[in-house]
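Notes follow the structure.
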Amino acid sequence: MDSLRAYLDRFVADTLDRCTRCGKCYEACPMTAYAPALTGASPAAVVEGLLPLLQGTQGSAEAVSWIGVCTQSSRCTEACPEGINAMLMVRVARMGALGSLGAEAQMKPTDDPLFFRKIEAFAATQLSPDEIDQWHRANPGERTAS
Ligand code: SF4
């Protein structure tokens, strides 16, 4: 069986080879609106700034912001015309941004004051208003201030 590292190396090489930097994965992401730093960002440029993180080098600040709001909706993977697992691409880039692939860390694993807001925002993309209401009633302590 493959080691995790060998699997990641193959995934990264394939992604870098096949990714056209079209930005459709970024465009499909339901979470970008929740990162103020991404307002007006070019989808292609954000992806271009993310790919170096896969190789253990520094990514752009916009790419790190995108990683920071990812809730693994997988809309990016569904949108990719090249059949790349874009969600995994963002997850591996997150490893890079955390300093796990060789580059200096560009984000902290627990530095996420918007955690519950992101959960709530993601839920809003997946659940009906009634289901969201039920979720809030079942988890009263997790409602975020708006
Ligand atoms: S949609 Fe696919 S090909 Fe286009 S930038 Fe994203 S990963 Fe690359």
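Numbering-wise, this note's numbering puts 108 at position 112 of the sequence shown, and it's gapless, one number per residue.
Where is the CB? At the ideal position from N, CA and C, for every residue including glycine.
Here's the rule I'm using: 16 or more other beta-carbon atoms within 10 Å means buried, otherwise exposed. How should residue i be labelled?
i, result
"residue 87", "exposed"
"residue 141", "Because residue 141 carries a pLDDT of 38, less than 50, the predicted location of this residue cannot be relied on, and the following value inherits that uncertainty. Label assigned to residue 141: exposed."
"residue 0", "exposed"
"residue 39", "buried"
"residue 22", "buried"
"residue 2", "exposed"
"residue 11", "buried"
"residue 28", "buried"
"residue 96", "exposed"
"residue 151", "Here the chain covers residues -3 to 142 and nothing more, so residue 151 does not appear."
"residue 9", "exposed"
"residue 13", "exposed"
"residue 33", "exposed"
Identify which residue in the options has its Cα closest to the Cα of residue i.
i, options, result
"residue 17", "97, 76, 102", "76"
"residue 71", "104, 19, 53", "19"
"residue 67", "33, 82, 4", "82"
"residue 4", "105, 102, 85", "85"
"residue 6", "94, 80, 105", "80"
Worksheet item: For the 8 Å Cβ check, are there 3 or more pairs between the region 81 to 97 and the region 46 to 54?
Response: yes
Worksheet item: Pairing CB atoms from the region 57 to 67 with CB atoms from the region 38 to 46, are three or more of them under 8 Å?
Response: yes
Worksheet item: Where are the alpha helix (DSSP H) runs, 4 residues long or more, that stay fully inside the region 29 to 91, in chain order?
Response: 39 to 50, 57 to 65, 71 to 75
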